[in-house]
Structures are given as structure tokens and as C-alpha cells.
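S.K.: Can you keep this structure in mind? I'll have questions shortly.
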Amino acid sequence: MTGYFRTVAALVGKDLLLEWRGRETLTSMALFSVLLVVVFGFAFQAQAIDPGSQAPGLLWIAFTFSGVLGLHRTMAVERENGCLKALLLAPIERSAIFLAKFIVNVILLAVMEIVTVPLFSILLRVSVLPCLPELALIAFAGTVGFASVGTLLSTISSGSRLREVLLPILLYPLWVPIVVASVELTGYALTGRPMWEGTDWWTLIVVYDVVFLAAGTLLFDVMLEE
Amino acid sequence: MKRLLALIQGLDLLLIPGVIFALYMAFQYAPRESTMGDVQRIFYFHVPFALGSFMAFGVVMVASVGYLMKRELSWDRAAHAAVEVGFLYTTLVLLTGPVWAKAAWGVWWTWDARLTSTLMLWLIFASYLFLRTYMADDPRLPRFASVLGILGALNVPVVYYSALWFNVHHPKPTVLRSGGLDPNMAVSFRVSMLVITLLMVSLFVKRWLLGRLEAERMLLEARIEDQEDR
Numbered sequence: 001m002t003g004y005f006r007t008v009a010a011l012v013g014k015d016l017l018l019e020w021r022g023r024e025t026l027t028s029m030a031l032f033s034v035l036l037v038v039v040f041g042f043a044f045q046a047q048a049i050d051p052g053s054q055a056p057g058l059l060w061i062a063f064t065f066s067g068v069l070g071l072h073r074t075m076a077v078e079r080e081n082g083c084l085k086a087l088l089l090a091p092i093e094r095s096a097i098f099l100a101k102f103i104v105n106v107i108l109l110a111v112m113e114i115v116t117v118p119l120f121s122i123l124l125r126v127s128v129l130p131c132l133p134e135l136a137l138i139a140f141a142g143t144v145g146f147a148s149v150g151t152l153l154s155t156i157s158s159g160s161r162l163r164e165v166l167l168p169i170l171l172y173p174l175w176v177p178i179v180v181a182s183v184e185l186t187g188y189a190l191t192g193r194p195m196w197e198g199t200d201w202w203t204l205i206v207v208y209d210v211v212f213l214a215a216g217t218l219l220f221d222v223m224l225e226e
Numbered sequence: 001m002k003r004l005l006a007l008i009q010g011l012d013l014l015l016i017p018g019v020i021f022a023l024y025m026a027f028q029y030a031p032r033e034s035t036m037g038d039v040q041r042i043f044y045f046h047v048p049f050a051l052g053s054f055m056a057f058g059v060v061m062v063a064s065v066g067y068l069m070k071r072e073l074s075w076d077r078a079a080h081a082a083v084e085v086g087f088l089y090t091t092l093v094l095l096t097g098p099v100w101a102k103a104a105w106g107v108w109w110t111w112d113a114r115l116t117s118t119l120m121l122w123l124i125f126a127s128y129l130f131l132r133t134y135m136a137d138d139p140r141l142p143r144f145a146s147v148l149g150i151l152g153a154l155n156v157p158v159v160y161y162s163a164l165w166f167n168v169h170h171p172k173p174t175v176l177r178s179g180g181l182d183p184n185m186a187v188s189f190r191v192s193m194l195v196i197t198l199l200m201v202s203l204f205v206k207r208w209l210l211g212r213l214e215a216e217r218m219l220l221e222a223r224i225e226d227q228e229d230r
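Read top to bottom, the protein sequences are chains A and B. By UniProt numbering, the letter at position 223 of the first sequence is numbered 223, and the numbering carries on one by one without gaps. By UniProt numbering, the letter at position 143 of the second sequence is numbered 143, and the numbering carries on one by one without gaps.
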């Protein structure tokens, strides 16, 4: 078992090193989310954005639209130069590859979110400082679900002609329950409502996170048969 | 295959009077609902379509898992056929629902958990069908489609129980429990449930067989091209 986790750690290390050398994925995700926030700013002009009803939705639009770019990239790099074949030839469990890709995706998405939130707060004048821990927890829970089903489906999009166009089409419908719950809970956080009032939403997120992670670990093998 | 087709054609002959009978039961035999009036009669179609779509997506789950375990294309074609029928039924749910909602709630649509999750299910299988059309000649398609089919079918319980878990406008599901329904209404409901379920079986089997013919045609075409090349 320790060997398994060492494999996962090595794969994560490889991907993070690759990303650090090139910084392509992070730069494109972060830049896109900055652009989105600026577009929101233009769209709403100087009007105050309601922290309960509008801000959470806008924030999660920024997260998901930018996030889908990264999800596609982390798998697409393996398709270049036959890297994926080499990975599949390595004497390691396929689920280790899934877990590694999933962890890398969570890390990259988290960095993008950390860049987005302060900018979102300043440009759209939504105060996030009082609820930062809650917001971080919600973003993490939502991102885990997004990354798990996204990692699984990015194997389809990365090997297809349509490439990054295909991923959101397949991913967003499955991602609806988690994003609905995340948006609701973010609304609770931004308006200072206690988290325990949203127990139902937490249950929904956690159930979907667990189901998608389990499905991803079990089904990843099938996706990668070449 | 021939025998199965004959069986289904026999079923179709029963279905023609069956559908007319179900219409009679829903519009004539069943009493007028006291508070909602005649618009309630859409319930005799809306609910069977919804339950029928759940059954179809159950078949999608079984057939997708079956394909991944056995790797026979027949399972994959069964999953495809079930998705098409389930998608059609979900579309009918989403069309009949608003007609009732406009009369009962005064709006065509609200974003409550039941409606949202049904729309989500429809979108998931719309993307499934998109993937199938777009990757039609890709040998990896059956695997990809099976995974997507499993992920989609996992959502069916959520759609069914969403009306119980969350506070929704949508009426709670009462069909799978007894009591509460006027006996004449219950009879009408059972008739239309039976007819709509059998219709689904007929559509599913025919689509499945059609998929097999399509596969055979593609094989023949490939062979003809092969000979022309020579």
C-alpha cells in the first residue's frame, strides 16, 4: 500500500514539476478567470452585487469556466509524444494514475481559485474576509467533485477531435448537483448565515464527491485501454 | 431475432387499441379532480413517462455495466437504445410538466429540486447522445459511452428522491405507495402505466434490433469497399 501511495506521489510530483517548468495550464486558467471577473465587472457596471443571490453564482461561473480549461490540459499533455503509452506501460495500477491526475487537478484548480477570489472581492465589491474559512471549505468540497468527474471525462476529450469543446458538454450536466449545492452554500457564507443551516446541501456535495471519486477510480481503467 | 421481432409486432397490434383505451380511461373514465380540475388528467401520462424513463435509464445502467464486463457490442447497442427511449420519455415529462404547472402554479417552470434534477438528467443523456453521434466511427466509443451511461444512470435515484429530500413545489411521489388515490383514478393510472411501459418495451426492442441492422450494414459496406479497392 505504501508503494501505491509512493507511485501516486511520484506522478503528482512529475505533473507539478512539468507545470512549474511550463506554467501553461495555470497561466491560462488564471488569466481566463481574471478576464471573466473583469467581464462581470463591465456587465454589472458600478451596481452593487448582491452577496446572497448574485455573487455566489458569478464566482462559481468563474471557477467552472476557467477550471474546465485546466482539466483538459492536464490530460492532454499526456497525449503528446506518446507519454500516455509510456505511463500505461509502467508497472503501476491505473487507479494510481487517476488519483495522481485528480490531485494535480485539485491543486491547479485551488491555485486558480486563490487568484480569483481576492480579485473578485475587490472588483465586484463583495466582502469575503469574514467568511474565508467557510469559503475555502466549500470551494474545496466543490472542487473535489469537479476534479474527480472532470479527470475521468478528460480522457474522452483529450483523445477526440473536438478536444476542449467536448469536455464542458459532457462534464457540466453531471456537475449540476454539486455546483447548485456549492452556490447555495457560498451564498450562506457570504451573507453570514451559519453553515449548519445548509446540512442538506453539504450532504449532497459529499455524496456526489464520494460517488464520483469511487466511479473515477473504478472506471478510469476502462477509459485508458488503447 | 425474427421471432423477437414477430413478438414485438404482436405487441404493437395490442398497443394500438391499448393507447386508445388508456386515452379513454384518462379522459372519460377517471373522475374530474376536485381542486385542480381537468388539467390533473395530464398526471396519467406525465407520471408513467417519468417512471418509464427511470426504467429505461435502469436498463442503461445494466447494459453499460454488461458491456464493460462482457465486451459484446450487443450490450452497447442495448444501452444506446435504452438511452434514446429514456431520453424521449424524459422529453415528454419535461413537455407535459409545464402544461400542468402553468395551470396549477401559474408559471411554466420553477427551479425546484425535482424540475432541476429532471432537466439535469435530460442534459446528461443529451450529452450522451451527442457523444454517440460525434464519435460514431471511433472504436473507443462503446467504452466511453458505457462510462457516461453509468455516471448518468447513477443520478436517477437522486431525481426520484429529490422531491422527498428537499422542499419542493412538485407533488411528492405517491405512486409507489398505496392509498390516497380515488379507486377509479387508480385504475386509470394503472392502465396508462401499463400501456406506456409496454410502448417503451416495444420502442426499445425495435431500436435495439435496428442498431444491429446498422452494424451489419456497416460491415457490408466495408466489405464492398474492400472489394472495390482490389
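Beta carbons are placed, not taken as given, at the ideal position from N, Cα and C, and that holds for glycine.
DSSP puts Gly-37 of chain B in a beta bridge; with which residues?
M.R.: Counting from one through the second sequence, the residue named residue 37 of chain B turns up at place 37. Bridge partners of Gly-37 of chain B: B:Glu-33.
S.K.: Just reading off the alpha helix (DSSP H) that Cys-131 of chain A is part of, what are its end residues?
M.R.: Within the first sequence, residue 131 of chain A is the residue found at index 131, counting from 1. Segment: none, Cys-131 of chain A is in no alpha helix (DSSP H) and carries neither H nor E.
S.K.: Cutting at 7 Å between CB atoms, please list the residues of its own chain near Leu-119 of chain A, excluding the five before and the five after it.
M.R.: Locating residue 119 of chain A in the first sequence gives position 119, where the first residue counts as 1. Counting only Cβ-Cβ distances below 7 Å, and skipping sequence neighbours, we find Val-34 and Val-37.
S.K.: Taking all protein chains shown into account, decide if Tyr-208 of chain A is buried (16 or more other Cβ within 10 angstroms of its Cβ) or exposed.
M.R.: Counted from its first residue, the first sequence places residue 208 of chain A at position 208. So Tyr-208 of chain A counts as buried.
S.K.: Less than 7 Å separating the Cβ of Ala-63 of chain B from some heavy atom of the ligand GDP?
M.R.: Ligands in the displayed structure: none, and consequently the ligand GDP is not present.
S.K.: Can you tell which of A:Tyr-4, A:Ser-95, A:Lys-14 and A:Ser-28 has the C-alpha that lies nearest to the C-alpha of Val-222 of chain A?
M.R.: Taking the first residue of the first sequence as 1, we reach residue 222 of chain A at position 222. Ranking the options by Cα distance to Val-222 of chain A, first place goes to A:Ser-95.
S.K.: Residues in the same chain with beta-carbon distance under 7 Å from Leu-218 of chain A, minus the five sequence neighbours each way, listed in chain order, please.
M.R.: Position 218 of the first sequence, counted from the start, is the residue given in the question as residue 218 of chain A. There are no such residues.
S.K.: If we define contact as Cβ-Cβ less than 8 Å, is Met-223 of chain A a contact residue for chain B?
M.R.: Here the question's residue 223 of chain A lines up with position 223 in the first sequence. Met-223 of chain A counts as touching chain B.
S.K.: Taking the alpha carbon of Asn-155 of chain B as the reference point, which residue from B:Pro-98, B:Leu-181, B:Tyr-29 and B:Phe-57 has its own alpha carbon closest?
M.R.: Working through the second sequence from its first residue, we reach residue 155 of chain B at position 155. The option with the nearest alpha carbon to Asn-155 of chain B is B:Phe-57.
S.K.: Would you mind sorting Ser-127 of chain A into buried or exposed? The rule is 16 or more other CB atoms within 10 Å of its CB.
M.R.: Within the first sequence, numbered from 1, the residue matching residue 127 of chain A stands at position 127. It is exposed - the Cβ of Ser-127 of chain A has fewer than 16 other Cβ atoms within 10 Å.
S.K.: So Ser-127 of chain B contacts chain A; which residues on that side make the cut at Cβ distance below 7 Å?
M.R.: Locating residue 127 of chain B in the second sequence gives position 127, where the first residue counts as 1. Neighbours of Ser-127 of chain B on chain A, chain order: Ile-169, Leu-170 and Pro-173.
S.K.: Please classify Val-107 of chain B: does DSSP put it in a helix, a strand, or coil?
M.R.: As a working mapping, residue 107 of chain B is identified with position 107 in the second sequence. Reduced to three states, the DSSP call for Val-107 of chain B is coil.
S.K.: For chain B, check one thing: does any of its Cβ atoms lie closer than 8 Å to the Cβ of Asp-50 of chain A?
M.R.: For the purposes of this step, residue 50 of chain A is identified with residue 50 of the first sequence, where counting begins at 1. Not one chain B Cβ lies under 8 Å of Asp-50 of chain A.
S.K.: Using the Cα positions of Thr-186 of chain A and Leu-108 of chain A, report the straight-line distance between them to the nearest angstrom.
M.R.: In the first sequence, counting from the first residue as 1, residue 186 of chain A sits at position 186. In the first sequence, counting from the first residue as 1, residue 108 of chain A sits at position 108. Going from the Cα of Thr-186 of chain A to the Cα of Leu-108 of chain A covers about 21 Å.
S.K.: For the stretch 70-90 of chain A, enumerate the residues whose C-beta is nearer than 9 Å to any C-beta of chain B, in chain order.
M.R.: none
S.K.: What residues in the stretch 137-160 of chain B bring their beta carbon closer than 9 Å to a beta carbon of chain A?
M.R.: Along the stretch 137-160 of chain B, the positions whose C-beta sits under 9 Å from a C-beta of chain A are Asp-138, Arg-140, Arg-143, Phe-144, Ser-146, Val-147, Leu-148, Ile-150, Leu-151, Gly-152, Leu-154, Asn-155 and Val-158, read in chain order.
S.K.: For Pro-177 of chain A, decide whether its Cβ has a neighbour in chain B, counting only Cβ atoms nearer than 8 Å.
M.R.: Numbered from its first residue, the first sequence carries residue 177 of chain A at position 177. So, interface residue.
S.K.: If you run the structure through DSSP and keep just helix, strand and coil, what is Ser-53 of chain B?
M.R.: Your numbering for residue 53 of chain B matches position 53 in the second sequence. The answer is helix: DSSP assigns Ser-53 of chain B an H, G or I state.
S.K.: Tell me the residue span of the alpha helix (DSSP H) that contains Asn-155 of chain B.
M.R.: Position 155 of the second sequence, counted from the first residue, corresponds to residue 155 of chain B. Element bounds for Asn-155 of chain B: n/a, residue is neither H nor E.
S.K.: Specify, as a first and last residue, the run of the alpha helix (DSSP H) that Ala-86 of chain A falls within.
M.R.: Residue numbering aside, residue 86 of chain A sits at position 86 when the first sequence is read from its first letter. Its alpha helix (DSSP H) spans residues 83-89.
S.K.: Quick check on the burial criterion: 16 or more other C-beta atoms within 10 angstroms. Buried or exposed for Val-179 of chain A?
M.R.: Reading the first sequence from its first residue, position 179 is the one you call residue 179 of chain A. The residue is buried, with at least 16 neighbouring Cβ atoms inside 10 Å.
S.K.: Below 8 Å on C-beta distance, what does Val-162 of chain A contact in chain B?
M.R.: Taking the first residue of the first sequence as position 1, residue 162 of chain A is located at position 162. As written in the sequence, residue 162 of chain A is Leu, which differs from the Val given in the question. Correct list: Tyr-134.
S.K.: If we define contact as Cβ-Cβ less than 8 Å, is Trp-165 of chain B a contact residue for chain A?
M.R.: Locating residue 165 of chain B in the second sequence gives position 165, where the first residue counts as 1. So, interface residue.
S.K.: Can you pull the chain B residues whose beta carbon is under 9 Å from the beta carbon of Ala-215 of chain A, in chain order?
M.R.: What you label residue 215 of chain A is simply residue 215 of the first sequence in a count that begins at 1. Chain B residues near Ala-215 of chain A: Val-147, Ile-150, Leu-151 and Leu-154.
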